[in-house]
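Protein sequences appear in the order of chains U and D.
First residue of the first sequence? That's 1 in the working numbering, and the numbers climb one at a time after it.
First residue of the second sequence? That's 1 in the working numbering, and the numbers climb one at a time after it.
For glycine and all other residues, C-beta sits at the position ideal for the given N, C-alpha and C.
To start, the structure itself, in structure tokens.
2 protein chains.
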Amino acid sequence: MRFDNVLAVDPIDGEFVGSVETEENVITGIRRIPGKREFERILMPGFVDLHTHGSVGVDTLSMNGEALKKWENFLYAQGVTYFLPTTMSSTPSVILSAARVVRDYIKNKTLTSVGGIHYEGPYLSLKRKGAQNPELIRSIDLKEIEETLIESVKLITMAPELEGFSQAQELVQKRGITLSLGHTDATYEDMERAYNHGCHRITHFPNGMNTLHHRELGCVGAVLSLPFSVEMIMDGIHSLPGFVKLIFGIKGPKKIMIVTDTIDATAMPDGEYELGGQKIILKNGRPTLEDGTIAAAVLVFSGAVRNFREFAGCSLKELAMVSSLNSLNSIGIKDRGRISEGYRADLVLLDENLGVRETILNGKTVFQS
Amino acid sequence: MRFDNVLAVDPIDGEFVGSVETEENVITGIRRIPGKREFERILMPGFVDLHTHGSVGVDTLSMNGEALKKWENFLYAQGVTYFLPTTMSSTPSVILSAARVVRDYIKNKTLTSVGGIHYEGPYLSLKRKGAQNPELIRSIDLKEIEETLIESVKLITMAPELEGFSQAQELVQKRGITLSLGHTDATYEDMERAYNHGCHRITHFPNGMNTLHHRELGCVGAVLSLPFSVEMIMDGIHSLPGFVKLIFGIKGPKKIMIVTDTIDATAMPDGEYELGGQKIILKNGRPTLEDGTIAAAVLVFSGAVRNFREFAGCSLKELAMVSSLNSLNSIGIKDRGRISEGYRADLVLLDENLGVRETILNGKTVFQS
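So, in structure tokens, the structure goes:
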């Protein structure tokens, strides 16, 4: 494939106008045209969403392969070339069954954007449960964890203050699975200990955690003080635009990862839905539990990318970091997320308003508008 | 005067080993010795404390000139060459009377480190009163404010969410007096409005204000998002060392001003004291109200300087910013706070542990150990 007249945006080398060529599934040619400023399309690394519970009526905990395909196709139209279906807290057997659906799906496809599964829970703080079902939040049980860690598991969110966390961290990391801290009422010291033992990632910061205080730094203080990378839900509701801008100023473009945290109600009409065994009311595009607690989100990834650009006032180069590269790096994937020779051709072609026009996965067009 | 073999620390040009000469009250000669690393003493700009209610048994609201002299001498031994006695909330007549004591004191002295008075209140938030006496916190009354603004008033702390604040801000600033925001329950918008109208200063951040939340940025969010300069009480109690380090990382060395917020009990034995009409219990060096609320501080300025260096892990150049220049600049004083030719010779000579060995005010030694 060949993309002429594009503004190519690499998160490391920056932006340039020119051409990009791919052969098979790899980027093989980069041609910069110095001084040229006009272009037809923007070419960015394909978007990555590591925290999404569902969309278009599909939910991670209840989907089969066919439903997952429907979801995947929907995300192609959003420019997403890598994502992790994400579970809510549930019983080991239910989350294991979701992990098996994902495992079998990946096995049977030669081309897919499904990278694996993200377990958000069930080993979380009851006090910081957010929209997680309190009846399904569990104490750490090492044997149980071990049994649920099948090959499709890429990411697990846990609360570091729980009893047995250190052993759980060691177990998870030894298996090559990335640990993320979230839904937590930890102290600064709990967070720091997890950081020092190799966990450098935060789930939907700063939602579901205790806030900063000058006499107890807590979770937010630890996240701001230590070089954690943070997921942020970019709907302007979970975090105000001004908060996003503030965190962008503090953490910088290399430590933020856009996620959607969407649920099955995304891209669906207002009405009642289900999330981890709890009723969700979608009204005016805003999903809540019956008691009014914000429950996940319904924005689409390309909208999240546009929001971030507006909230943070960032460059396209920085946008390529927060929408793709940082997330990939957080789970150890190094072969994509760049527009540079030798990298995998996972790309998204956008118009000047960052509307998705074409999505390329592994060198093949999977969406075109 | 001539200081040989010193490590001179200028907040702009940085550190150098060499000699510094003064004539009359001005720095006239700077001689750097390139490559030389050994020195006998550290020479820094004299320390500045813009927020201190008292020390050695002296309290701003009740002192006479003789008591103020005792306080001033105590601060010379701390390396302080400029300070503002600071009132607590009180009636207009009581604070005005304190301002007159300060005015007459300055008039009658040819050499003094007393720069004027800082009114902390009485136009503050009842909800964020801290150790201010709630019975003496008042609504904004422009006529009353006007009557209390005599020539010795240099700084006023007010809460920006109060009715009439905008007019009060205009009134204060037109008189050339600096406004500082503190003891406030303001919204982000209140803070931003005050900033945009020329108030760029925060009183003892983040004590006495609402904290950061991702869906209401509030005072702390505004302070971190906008380029406010912040007083910080450097006792390790009002803000944890880790919080100081975090804020140093976020705001940088140009936006932090060390203050002590000391009360009359400073450098006094444990016992009972008074602050703005309320009983203070000093126990193990920690002052509280009878209900346990932290009430101001009892650390000494040179200790605060050492604390900051340790908490923030900063350079001496940065230490010279936060202990002197930033505070001076915040109230519009430009002729001192530097070790550079032509600047006023307000200096402090320190040993390698930052112990005060000599204090020079306007070219004259006022303390020597």
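Residue i versus residue j - alpha carbon distance
i, j, result
"U/Phe74", "U/Ser55", "8 Å"
"D/Thr288", "U/Ser125", "34 Å"
"U/His197", "U/Leu171", "12 Å"
"D/Ser89", "D/Ser180", "15 Å"
"D/Gly14", "D/Glu318", "9 Å"
"D/Ser239", "D/Ile233", "7 Å"
"U/Ala345", "U/Leu149", "30 Å"
"U/Glu231", "U/Ile256", "6 Å"
"D/Leu43", "D/Pro253", "19 Å"
"D/Gly277", "D/Ile95", "13 Å"
"U/Tyr82", "U/Gly115", "6 Å"
"D/Glu72", "D/Cys314", "28 Å"
"D/Lys279", "U/Ala320", "58 Å"
"U/Ser225", "U/Thr112", "37 Å"
"D/Leu354", "D/Thr211", "33 Å"
"U/Leu162", "U/Glu216", "19 Å"
"D/Ile250", "D/Leu316", "19 Å"
"U/Ser330", "D/Ala267", "52 Å"
"U/Ala296", "D/His53", "49 Å"
Beta-carbon proximity of residue i to residue j, cut-off 8 Å
i, j, result
"U/Ile263", "U/Leu275", "yes"
"U/Pro45", "U/Ser324", "yes"
"D/Val223", "D/Ile202", "yes"
"U/Arg357", "U/Arg2", "no"
"D/Phe243", "U/Gly218", "no"
"D/Gly29", "D/Val20", "yes"
"U/Gly208", "U/Arg128", "yes"
"U/Asp104", "U/Gly65", "yes"
"D/Ala131", "D/Gln169", "no"
"D/Phe248", "D/Ala312", "yes"
"U/Glu352", "U/Ile27", "no"
"D/Gly363", "D/Asn25", "yes"
"D/Lys283", "D/Asp270", "yes"
"U/Leu299", "U/Asp235", "yes"
"U/Val6", "U/Leu328", "no"
Contact set between residue i and chain U, taken where Cβ atoms lie within less than 8 Å
i, result
"D/Leu181", "Going along chain U, no residue has its Cβ under 8 Å from D/Leu181, so there is no contact; the nearest lies around 16 Å."
"D/Leu217", "Leu240, Gly242, Phe243, Leu246"
DSSP beta-bridge partners of residue i
i, result
"D/Arg201", "D/Ser229"
"U/Met234", "Paired residues: none, contrary to the question."
"D/Gly29", "D/Glu21"
"U/Gln169", "Beta-bridge pairing links U/Gln169 to no other residue."
"U/Ala297", "U/Thr262"
"D/Val9", "D/Glu15"
"D/Gly59", "A quick correction: the sequence has Asp, not Gly, at residue 59 of chain D. According to DSSP, which records beta bridges pairwise, D/Asp59 is partnered with D/Gly54."
"U/Gln368", "U/Glu358"
"U/Phe83", "U/Asp49, U/Val114"
"D/Val348", "D/Met44, D/Thr359"
"D/Pro287", "D/Leu282"
"U/Ile256", "U/Val230"
"D/Glu120", "D/Thr157"
"U/Tyr273", "U/Ile280"
"D/Leu179", "D/Ile156"
Neighbouring residues, chain D, relative to residue i (Cβ below 7 Å)
i, result
"U/Tyr273", "Correct list: empty, because the minimum Cβ distance to chain D is about 23 Å."
"U/Ser239", "His214"
"U/Ile250", "Ile250"
"U/Pro206", "His214"
Under 8 Å from the C-beta of residue i: neighbouring residues of chain D
i, result
"U/Lys245", "Ser225"
"U/Pro269", "None at all; the shortest Cβ gap to chain D is about 26 Å."
"U/Gly221", "Gly242, Phe243, Leu246"
C-beta neighbour in chain A for residue i, strict 8 Å
i, result
"U/Leu299", "In the structure shown, chain A does not exist; the protein chains are U and D."
9 Å Cβ cut-off: residues of chain D touching residue i
i, result
"U/Thr211", "Thr211, Leu212, His213, His214"
Distance between beta carbons of residue j and residue i, contact taken as under 8 Å
i, j, result
"D/Thr87", "D/Leu50", "D/Thr87 to D/Leu50, Cβ: 13 Å. No contact."
"U/Pro11", "U/Gly337", "7 Å"
"D/Leu84", "D/Lys154", "6 Å"
"U/Pro160", "U/Met191", "6 Å"
"U/Phe165", "U/Ile145", "With a Cβ gap of about 11 Å, U/Phe165 and U/Ile145 do not count as contacting."
"U/Thr365", "U/Phe301", "U/Thr365 to U/Phe301, Cβ: 18 Å. No contact."
"D/Leu142", "D/Gln167", "6 Å"
"D/Gly182", "D/Glu120", "7 Å"
Within chain U, partners of residue i - CB distance below 7 Å
i, result
"D/Tyr188", "Gly242"
Heavy atom of the ligand ADP within 7 Å of residue i beta-carbon
i, result
"D/Lys129", "Summarising the ligand content, the structure contains no ligands, and the ligand ADP is consequently not present."
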